[in-house]
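**Student:** Take a look at this one; I'll ask things after.
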Amino acid sequence: MTAVTTTRVAVASDDYATVTGHAGKARRFLVFETQGDAPPREVARLDLPAELTVHEFQCDGPHPLFQVKAVIAGSAGAG
Numbered sequence: 724m725t726a727v728t729t730t731r732v733a734v735a736s737d738d739y740a741t742v743t744g745h746a747g748k749a750r751r752f753l754v755f756e757t758q759g760d761a762p763p764r765e766v767a768r769l770d771l772p773a774e775l776t777v778h779e780f781q782c783d784g785p786h787p788l789f790q791v792k793a794v795i796a797g798s799a800g801a802g
């Protein structure tokens with residue numbers, strides 16, 4: 724029997740409805756879980772304080788996004 728892999732993915736979404744334009748400044752994320760061929764299902768919503776945005780995080784401890792395999796956003800990069 725083959726083990727089914729579970730994967731968590733976060734989608735940046737400031738309004739929990741549309742994809743946010745910039746990953747580094749996003750504070751809200753929808754977290755989806757995928758398992759095998761089943762459609763993804765929402766399992767959590769993150770509402771991060773300003774100091775935990777990707778731009779502000781100082782890598783001084785665990786981060787809620789460390790629990791996901793990938794982050795989806797409208798853009799990423801400098802700025």
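Take any residue in the sequence shown, note its place counting from 1, add 723, and you have its number in the working numbering. Glycine residues also receive a C-beta, built at the ideal position from the N, C-alpha and C atoms.
1) Measuring straight from C-alpha to C-alpha, what distance separates residue 774 and residue 730?
2) Go to residue 769, then tell me how far its beta strand (DSSP E) extends in each direction, as first and last residue.
3) With DSSP run on the structure shown, which of helix, strand or coil describes residue 779?
4) Opposite residue 790 in the DSSP bridges: which residues?
5) Residues in the same chain with beta-carbon distance under 7 angstroms from residue 779, minus the five sequence neighbours each way, listed in chain order, please.
**Tutor:** Let me spell this out:
1) Against the sequence shown, residue 774 aligns to sequence position 51. Against the sequence shown, residue 730 aligns to sequence position 7. About 26 angstroms.
2) Within the sequence shown, residue 769 is the residue found at index 46, counting from 1. Here the beta strand (DSSP E) through residue 769 covers 764-770.
3) Your numbering for residue 779 matches position 56 in the sequence shown. When secondary structure is reduced to three states using DSSP, residue 779 falls in the coil class, being assigned neither helix nor strand.
4) For the purposes of this step, residue 790 is taken as residue 67 along the sequence shown, with counting starting at 1. Answer by DSSP bridge pairing: none, since residue 790 is not bridged.
5) Here residue 779 refers to the residue found at position 56 when the sequence shown is read from its first residue. These residues qualify, in order along the chain: 773.
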